[in-house]
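Structure first, then comments.
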Amino acid sequence: VLERGTGAVVRRAGFSREAAGKTGTSNDTRDAWFVAFTPNLVAGVWVGFDDNSPTGLTGAQAAAPIWAEFMKCTEPLLEPLTFITPPGVTVADVDLNSGGLAVPGCPRSRFRSSASSGPAVTGAGSRCGQLWITADSGSR
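To convert, take the position in the sequence shown, counting from 1, and add 5; that gives our numbering.
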């Protein structure tokens with residue numbers, strides 16, 4: 006889940022294993038953090054000063070690169086694993102323009118989304134900006 010957004014800095018820093026994470030920055034850039042996990046390790050990095058003065062840095066600028074360097078150091082010690090999709094969770098391509106299900110031909114459908122509740126999707130369509138879903142509970 007670090008393929009785009011502020012967490013993508015982890016990929017640019019050279020960490021390529023499966024991972025998901027969240028950057029954070031406090032008001033006035035006093036604190037910057039990145040908390041993330043792989044299938045077999047969770048780690049967080051906080052950057053800040055003891056006197057609460059601003060660092061002037063965001064989580065993506067300060068903490069995420071440190072996390073990536075740490076995780077690269079763990080690679081020889083940890084088996085590369087993939088996330089296991091639990092039963093009942095559906096994974097689908099999402100049209101980045103509409104936020105709906107992607108169909109062939111949508112130029113921006115690289116993001117993948119999961120949902121663990123709701124009706125099973127029995128049919129879907131998209132015009133890469135418009136969405137319609139036919140599910141067990143009806144249509145919208």
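Where a beta carbon is used, it is the ideal one built from N, C-alpha and C, also for glycine.
#1: Just to confirm my understanding: we take G29, look at its own chain, exclude 5 residues before and 5 after, and list those with CB closer than 6 Å. What are they?
#2: Tell me the rounded alpha-carbon separation between A97 and A48.
#3: Could you give the residue range of the beta strand (DSSP E) that holds A68?
#4: Can T46 and L7 be called in contact, C-beta distance under 8 Å?
#5: Would you grab the beta carbon distance between A25 and F42 for me? Rounded to a whole angstrom, and I think it's under 8 Å.
#6: Buried or exposed: L86, going by 16 or more other Cβ atoms within 10 Å of its Cβ?
According to the data block:
#1: For G29, where only same-chain residues beyond five positions count, the Cβ hits under 6 Å are W38, G64.
#2: 28 Å
#3: First-last for A68: undefined, no H or E at that position.
#4: Inspection of the sequence shows that residue 46 is occupied by Leu rather than by Thr. Not in contact: L46 and L7 (Cβ atoms no closer than 8 Å).
#5: 6 Å
#6: exposed
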